[in-house]
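First residue of the sequence shown? That's 73 in our numbering, and the numbers climb one at a time after it. Right, one structure below, let's go through it.
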Amino acid sequence: MKGKLYGIGVGPGDPELLTLKAKRLIEECDYVAVPVKKAGEDSVALNIAKGAVEIPEDKVIEILFTMNKDKEKREKCRQEAANEIAKILDEGHSIAMLALGDIGIYSTYSYVHKRLINAGYEVQMISGIPSFCAGASTANISIVEGNEGFGVIPSLKGIDQVEKAMAVFDNLVIMKVGNHVKEVYDILKAQGKEDNAIIISNVGMEGEYVGPLLPEREYGYFTTMIIKNEL
Numbered sequence: 073m074k075g076k077l078y079g080i081g082v083g084p085g086d087p088e089l090l091t092l093k094a095k096r097l098i099e100e101c102d103y104v105a106v107p108v109k110k111a112g113e114d115s116v117a118l119n120i121a122k123g124a125v126e127i128p129e130d131k132v133i134e135i136l137f138t139m140n141k142d143k144e145k146r147e148k149c150r151q152e153a154a155n156e157i158a159k160i161l162d163e164g165h166s167i168a169m170l171a172l173g174d175i176g177i178y179s180t181y182s183y184v185h186k187r188l189i190n191a192g193y194e195v196q197m198i199s200g201i202p203s204f205c206a207g208a209s210t211a212n213i214s215i216v217e218g219n220e221g222f223g224v225i226p227s228l229k230g231i232d233q234v235e236k237a238m239a240v241f242d243n244l245v246i247m248k249v250g251n252h253v254k255e256v257y258d259i260l261k262a263q264g265k266e267d268n269a270i271i272i273s274n275v276g277m278e279g280e281y282v283g284p285l286l287p288e289r290e291y292g293y294f295t296t297m298i299i300k301n302e303l
């Protein structure tokens, strides 16, 4: 009998935000798979899980996902990752594959999820707390109220997408915005909304910053911005 794959969101950084279901499944599964860009790389998702669950080293499997700009090379690597997981499932072992935040929001796990479903394997996604939800709570603000709507975009779609999204949504969440904070600030300032943004950087991790948008401050990779129609 084939094993089952669980895609598990470990939350934004604080091990106490790991769900009870995620903790149980990580403990119960035969292996814990962690996505890495290169062998031996430190995994943030694994470190978060280790803060709440005892995970023996011999239970951890590294799954390589290249960040190569060549689309064909990325697709080839993703298929190889799915094949590697499938081999373990074929042996009857269960796998918990970890990802930051929620498993369904810009998750590396998605690159193998559909491939394994289409190949006939049993898979299940386990929700985690997204960084922007945890960050909004830390900042003591709500993301939406009443009949408001909100959108979520990655800054990697291009800075022009920010202006387009702002014209559509009452509130906007921009993920992985660290390298583009100044550009977004300039857009907001031109509209008189520079004080309507909250920065959420390294929430639940070392170097956490949750506060107003400071355009000259340096921000890391795990930085999200929430732009409110009204603060």
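No residue lacks a Cβ here, since even glycine has one placed at the ideal position from N, Cα and C.
Simplified DSSP state of residue i, which is helix, strand or coil
i: V282; result: strand
i: M169; result: strand
i: V256; result: helix
i: G250; result: helix
i: N119; result: helix
i: P87; result: helix
i: K265; result: coil
i: E100; result: helix
i: V125; result: coil
i: A239; result: helix
Same chain only: Cβ atoms within 6 angstroms of residue i, ignoring 5 sequence neighbours per side
i: E221; result: At residue 221 the sequence reads Gly, which differs from the Glu that was named. Closer than 6 angstroms at Cβ, skipping near neighbours: F241 and D242.
i: D102; result: H165 and S166
i: L172; result: A117
i: D174; result: G81, S199, G200 and P202
i: E280; result: N274
i: K110; result: none
Spatial neighbours of residue i in its chain, beta-carbon cut-off 7 angstroms, leaving aside the 5 residues before and after
i: K131; result: Y103 and V104
i: E266; result: Y257, L260 and L285
i: V184; result: R150, A153, A154 and I157
i: P226; result: Y178, M247 and K248
In DSSP terms, what residue i is bridged to
i: S273; result: Y281 and T295
i: P226; result: M247
i: I231; result: DSSP output for I231 lists no bridge partner at all.
i: A105; result: I133 and M169
i: L92; result: None, per the DSSP bridge assignment.
i: K76; result: E194
i: G81; result: A171
Own chain partners of residue i with C-beta closer than 8 angstroms, once the 5 adjacent residues on each side are dropped
i: V106; result: S115, A117, L118, V132, I133, E134, I135, M169 and L170
i: G283; result: A211, I270 and I271
i: V216; result: F222, D242 and N243
- Query: Per the contact definition of three or more C-beta pairs closer than 8 angstroms, is the segment 245 to 252 in contact with the segment 293 to 300?
  - Reply: yes
- Completely contained beta strand (DSSP E) runs for the segment 136 to 217, where each covers 3 or more residues: 167 to 171 and 194 to 198
- Query: Is the segment 128 to 143 touching the segment 197 to 209, taking contact as three or more C-beta pairs under 8 angstroms?
  - Reply: Taking 8 angstroms as the limit for Cβ pairs, the verdict is that the segment 197 to 209 does not touch the segment 128 to 143.
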